[in-house]
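S.K.: In numbering that gives the first Met the number 0, the protein residues as written are 0 to 122.
We treat Cβ as the ideally placed atom computed from N, Cα and C, and that holds for glycine.
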Amino acid sequence: MQFDHHLQSPYANLFLRLRDLFLSFDEIHEVKNANQTSYKDTNGYAIVLMRVREEGLRLTFAQGAKLQSQYPFLRGEGKVVRYLLLQNEEEMDEKLLKEMIGESLVLTLEHEAMRILRTQLRH
0 MQFDHHLQSP YANLFLRLRD LFLSFDEIHE VKNANQTSYK DTNGYAIVLM RVREEGLRLT
60 FAQGAKLQSQ YPFLRGEGKV VRYLLLQNEE EMDEKLLKEM IGESLVLTLE HEAMRILRTQ
120 LRH
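Following this line, the structure appears as structure tokens:
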């Protein structure tokens with residue numbers, strides 16, 4: 000399990016702090032699998048994914064491309080996701096991360112609503 004790998008990595012304390020932060024949102028629950036630890040909304044849509052890399056702990060925001068204009072420090076060139084790389088707890092700005100998570104939840108709800116609307120309009 001990737002979760003166990005996180006706990007045995009040099010980034011274990013950072014991982015646990017971030018985990019607590021994500022789980023402080025009532026709308027978010029944790030999903031563990033062999034590749035990553037995911038934090039999803041109550042409908043099962045990904046908000047953020049965490050994975051240890053050699054260079055640090057990567058937080059991948061599922062709606063990151065939509066967040067990038069507001070948070071230009073996010074990395075990545077994909078159509079949908081962007082990531083933030085943290086190497087230590089001192090880099091963790093809890094207030095900023097809470098803001099980003101909240102915005103991610105809103106974007107995910109909007110995405111879900113649009114998907115439902117499109118499905119209804121097709122029928």
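Could you tell me the distance, in whole angstroms, from the CA atom of D25 to the CA atom of E89?
M.R.: Within the sequence shown, the letter at position 26 stands for residue 25. Within the sequence shown, the letter at position 90 stands for residue 89. So the alpha carbons of these two residues sit roughly 26 angstroms apart.
S.K.: Starting from T36, follow the beta strand (DSSP E) in both directions and report where the run begins and ends.
M.R.: Here residue 36 corresponds to residue number 37 of the sequence shown, with the count starting at 1. Where T36 is concerned, the enclosing beta strand (DSSP E) stretches over 36-40.
S.K.: Hey, how far is the Cα of G77 from the Cα of V47?
M.R.: Here the question's residue 77 lines up with position 78 in the sequence shown. Here the question's residue 47 lines up with position 48 in the sequence shown. Spanning the two alpha carbons is a distance of roughly 15 angstroms.
S.K.: Taking the alpha-carbon positions, what's the R50 to M0 distance?
M.R.: Start at 1 with the first residue of the sequence shown, and residue 50 comes out as number 51. Start at 1 with the first residue of the sequence shown, and residue 0 comes out as number 1. Whole-angstrom Cα-Cα distance: 11 angstroms.
S.K.: So, are the CB atoms of K39 and A45 less than 8 angstroms apart?
M.R.: The residue you call residue 39 lines up with position 40 of the sequence shown. The residue you call residue 45 lines up with position 46 of the sequence shown. Yes, the Cβ-Cβ distance between K39 and A45 is below 8 angstroms.
S.K.: Who are the Cβ neighbours of F72 in its own chain at under 8 angstroms, not counting the five residues just before and after it?
M.R.: Numbered from its first residue, the sequence shown carries residue 72 at position 73. Same-chain partners within the cutoff: L83.
S.K.: Quick check: the segment 93-113 against the segment 52-70, are there 3 or more CB pairs under 8 angstroms?
M.R.: These segments touch.
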